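Following the UniProt record's numbering, the numbering of the sequence shown begins with 1 at its first residue and continues without gaps. For glycine and all other residues, C-beta sits at the position ideal for the given N, C-alpha and C. This one's a predicted model, so the numbers in the text were calculated from it and none came from an experiment. Contents: one structure, followed by commentary.
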Amino acid sequence: MSIANLLDPITADGGQTRFSGLDAWMQGRTLYGGASALIAYTAAVRAFPDLPPLRAAQVAFVAPTGPEAELRREIVRQGRNVAQVRSEIWCEGACTLTAFWLFGTEREANAEHEAAPVSDWPGGPEQAEPAMHGKGPAFIQSNFELRRAQELQGPGEPVVRRWARLAEREGLNPVSELILLGDVLPPGAMRAMKRQGPISSINWSFNLLEPEPQTRDGWWLSENASQHAAHGYSSERLRLWNAEGKQVLDGMQCVAVFG
Numbered sequence: 001m002s003i004a005n006l007l008d009p010i011t012a013d014g015g016q017t018r019f020s021g022l023d024a025w026m027q028g029r030t031l032y033g034g035a036s037a038l039i040a041y042t043a044a045v046r047a048f049p050d051l052p053p054l055r056a057a058q059v060a061f062v063a064p065t066g067p068e069a070e071l072r073r074e075i076v077r078q079g080r081n082v083a084q085v086r087s088e089i090w091c092e093g094a095c096t097l098t099a100f101w102l103f104g105t106e107r108e109a110n111a112e113h114e115a116a117p118v119s120d121w122p123g124g125p126e127q128a129e130p131a132m133h134g135k136g137p138a139f140i141q142s143n144f145e146l147r148r149a150q151e152l153q154g155p156g157e158p159v160v161r162r163w164a165r166l167a168e169r170e171g172l173n174p175v176s177e178l179i180l181l182g183d184v185l186p187p188g189a190m191r192a193m194k195r196q197g198p199i200s201s202i203n204w205s206f207n208l209l210e211p212e213p214q215t216r217d218g219w220w221l222s223e224n225a226s227q228h229a230a231h232g233y234s235s236e237r238l239r240l241w242n243a244e245g246k247q248v249l250d251g252m253q254c255v256a257v258f259g
């Protein structure tokens with residue numbers, strides 16, 4: 001099922017919505033986090049089409065999301081330059097995802113500072129080796145193409161870096177593409193785990209560095225890096241660069257690491 005077909009049932013009116021054919025986007029018993037975040041974002045922008053560009057977001061993955069959902073969204077505040085919108089997914093009478101989106105018009109720059117270039121540039125994606133082929137959740141095999149972007153394999157520095165792109169991108173704008181891709185990799189803490197076990201994203205917050213991000217042939221360099229892991233949780237920094245090495249997204253995430 002293409003991501004465009006997944007988003008088709010979302011209307012400007014929100015409310016009760018049924019998503020069919022979710023099998024290709026499921027991660028265990030819930031919808032993949034990037035897909036559920038994109039549903040919440042799409043519900044917001046279809047309800048309020050005159051919003052300025054997206055600048056930042058805070059997403060909480062509260063509970064499993066399934067095919068029968070109620071989509072709620074509201075403008076919390078509309079200022080002259082900035083609009084703040086809340087959108088939520090409810091299933092069986094309980095909130096399963098809540099998100100806060102910050103939209104802002106462009107203003108004259110009073111501060112300019114480019115994000116630092118990516119360290120240990122792996123080279124472009126075209127010649128990189130395939131990664132996770134036949135491995136990982138089914139939604140990755142069905143919807144994404146991943147290629148290696150670091151020499152490290154197995155335990156070591158708690159960083160996971162891959163080239164990633166959607167198998168089918170038609171009908172998706174670049175911002176929606178980044179929301180869908182931003183949570184695709186396993187946490188960097190995976191490399192520090194003493195034994196294999198389940199992991200689960202709890203939240204995700206990010207800033208968009210470019211209002212209209214662009215890349216080559218759909219490829220984005222994705223990195224998850226554990227900043228600190230203890231007590232069953234990992235604090236992760238999530239970043240995305242385009243195929244030229246320009247950073248387009250900077251984010252943070254809390255991940256539950258089960259024993």
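Going along the chain, which residues of its own chain have a beta-carbon closer than 7 Å to the beta-carbon of Ala12, five neighbours each way excluded?
Excluding positions up to five away in sequence, the list reads Arg46, Ala47.
Extent of the continuous beta strand (DSSP E) run through Phe139:
Phe139 -> not in any beta strand (DSSP E); alpha helix (DSSP H) instead, spanning 138-143.
List the residues that DSSP assigns as beta-bridge partners of Ile75.
Val85
Please work out which residues of its chain come closer than 6 Å, Cβ to Cβ, to Ala60, disregarding the five sequence neighbours upstream and downstream, and give them in chain order.
Here the set comprises Thr98, Asn203.
Kindly indicate which three-state DSSP category Val62 falls into: helix, strand or coil?
coil
Verify whether the separation of the beta carbon atoms of Leu180 and Leu71 is less than 7 Å.
The Cβ atoms of Leu180 and Leu71 do not sit closer than 7 Å to each other.
My assumption, with CB atoms under 8 Å, is that Arg161 sits in contact with Glu114. Please give the rounded CB distance.
With a Cβ gap of about 20 Å, Arg161 and Glu114 do not count as contacting.
Cross-strand partners of Thr30 (DSSP beta bridge)
Gln27
Just mark Val76 as buried or exposed, buried being the case when its beta carbon has 16 or more other beta carbons within 10 Å.
exposed
Rounded to a whole number of angstroms, what is the C-alpha to C-alpha distance between Ala164 and Pro125?
9 Å
Output the boundary residues of the beta strand (DSSP E) element that contains Asn224.
220-230
Using a Cβ-Cβ cutoff of less than 7 Å, which residues in the same chain neighbour Leu54 once the five nearest sequence positions on both sides are dropped?
So the list reads Trp101, Phe103, Val175, Leu208, once near-sequence residues are dropped.
Per DSSP, cross-strand counterpart(s) of Asp183
DSSP output for Asp183 lists no bridge partner at all.
Cβ pair residue 267, Cys95 closer than 7 Å:
Residue 267 lies beyond the stretch modelled for the chain, which goes from 1 to 259, so this question has no answer here.
With burial defined as no fewer than 16 other Cβ atoms inside 10 Å of the residue's Cβ, what is the status of Phe144: buried or exposed?
buried
Please go through the same chain and pick out, in chain order, the residues whose beta-carbon is closer than 6 Å to the beta-carbon of Arg86, but skip the five residues on each side of it.
Glu74, Val76, Phe100
Is the Cβ-Cβ distance between Arg29 and Pro64 less than 7 Å?
For Arg29 and Pro64, yes; Cβs fall inside 7 Å.
To the nearest angstrom, report how far apart Pro186 and Ala111 are at their CA atoms.
34 Å
Should Asp23 be labelled buried (16 or more other beta-carbon atoms within 10 Å of its own) or exposed?
exposed
Simplified DSSP assignment, three categories, for Met132:
coil
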